Amino acid sequence: MVLFAAHLDDVDYDAMVRMLESQLPENEPLWLFGYGSLIWKPEIEHVEERVALLRGWHRSFCMKMTRWRGTKESPGLMMALDRGGQCKGVAFRLGDGDRREQLDRLLRREVTLKPTSYHPRLINMTSDAGPLRALVFVINRRGTTYAGPLSEEEVVERLATSCGHWGSGADYLYNTVRNLELRGIHDAHLWRLQQLVAA
Numbered sequence: 265m266v267l268f269a270a271h272l273d274d275v276d277y278d279a280m281v282r283m284l285e286s287q288l289p290e291n292e293p294l295w296l297f298g299y300g301s302l303i304w305k306p307e308i309e310h311v312e313e314r315v316a317l318l319r320g321w322h323r324s325f326c327m328k329m330t331r332w333r334g335t336k337e338s339p340g341l342m343m344a345l346d347r348g349g350q351c352k353g354v355a356f357r358l359g360d361g362d363r364r365e366q367l368d369r370l371l372r373r374e375v376t377l378k379p380t381s382y383h384p385r386l387i388n389m390t391s392d393a394g395p396l397r398a399l400v401f402v403i404n405r406r407g408t409t410y411a412g413p414l415s416e417e418e419v420v421e422r423l424a425t426s427c428g429h430w431g432s433g434a435d436y437l438y439n440t441v442r443n444l445e446l447r448g449i450h451d452a453h454l455w456r457l458q459q460l461v462a463a
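The sequence shown lines up with residues 265 to 463 when you count with our numbering.
Encoded structure:
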């Protein structure tokens, strides 16, 4: 069992970029799928966005955080994509810039530790404008930040009480449901959590 995590270095990022580049033909646009904070804080330039449906994965508050939106004393939770179900989110098409630089920047934003919290994958999904394939970050169940399945009560308690230098778990949840609604996506489960956290 892994007890400690180390930070990724340039060699690690270069290997991940090369792996993704090998799966992306030069003429295929680079899409990024957002299901949480990427929707309201993508931090990368894009030229198009579409509501998209990803099958086989669902949003889950299954990633524990001792930084950003939590502390070691009061760990927070962030969403990740876990196996099963489906997830409606936003696919962002990146511009025709330096693909290697774009991938490197995205990986450094989302993946910082080894063993990694996320696995970057290129996955097919559907949208009203047609099918597409996007870069998706899915949970690594063997990573040190995987919280496993939690009860609704545990999730609500952590979101209602955790806070870090990026803000609170409650703010993270609210910003996600609000920005999903702005794009016509109603996630009933997240709204239930929102009502319980706000109570």
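All C-beta atoms in this analysis are idealised placements derived from N, C-alpha and C, irrespective of residue type, glycine included.
Every value quoted in this text rests on a predicted model; they were computed, and no experiment measured them.
(request) Just the C-alpha distance for residue 267 and residue 392, rounded to the nearest angstrom, thanks. (result) Note that residue 267 scores 48 on pLDDT, short of 50, meaning its location in the model is unreliable; the coordinates nonetheless yield the value given after this. Taking the straight line joining both Cα atoms gives about 44 Å.
(request) Tell me whether residue 266 sits in a helix, a strand or coil according to DSSP, three-state version. (result) Low confidence applies here, because residue 266 scores a pLDDT of 43, under 50, leaving its location unreliable and the question unanswered by this model.
(request) For the alpha helix (DSSP H) containing residue 441, list its first residue and its last residue. (result) For residue 441, the enclosing alpha helix (DSSP H) starts and ends at 433 to 446.
(message) If contact is defined by three or more beta carbon pairs under 8 Å, each pair taking one atom from either stretch, is the stretch 373 to 392 in contact with the stretch 297 to 317?
(response) At 8 Å Cβ cutoff, the stretches touch.
(message) With the cut-off set at 8 Å, would you say residue 247 and residue 357 are in Cβ contact?
(response) Outside the shown range of the chain (265 to 463) lies residue 247, about which nothing can therefore be said.
(request) Would you give the residue range spanned by the beta strand (DSSP E) that residue 372 belongs to? (result) Looking at the DSSP string, residue 372 is not in any beta strand (DSSP E); the run it does join, the alpha helix (DSSP H), is 363 to 374.
(message) Mapping the DSSP letters down to three states, classify residue 303 as helix, strand or coil.
(response) Residue 303 falls in the helix class under three-state DSSP.
(request) Take residue 348 as the anchor and find which of 306, 338, 330 and 323 has the nearest alpha-carbon. (result) Selected option, being the one with the closest Cα: 323.
(request) Could you please give me the residues that DSSP links to residue 458 through a beta bridge? (result) In the DSSP output, where bridge partners are listed per residue, residue 458 has none listed.
(request) Give me the Cα-Cα distance between residue 365 and residue 277, rounded to the nearest whole angstrom. (result) Those two C-alpha atoms are separated by around 11 Å.
(message) Using a 10 Å radius around the Cβ and a threshold of 16 neighbouring Cβ atoms, would you call residue 457 buried or exposed?
(response) Buried is the call here.
(request) Label residue 280 either buried or exposed according to how many other C-beta atoms from any shown protein chain fall within 10 Å of its C-beta, with 16 as the threshold for buried. (result) Residue 280 is buried by the Cβ-count criterion.
(message) Starting from residue 425, trace the beta strand (DSSP E) in both directions and tell me its first and last residue.
(response) Careful: residue 425 lies outside any beta strand (DSSP E), inside the alpha helix (DSSP H) at 416 to 425.
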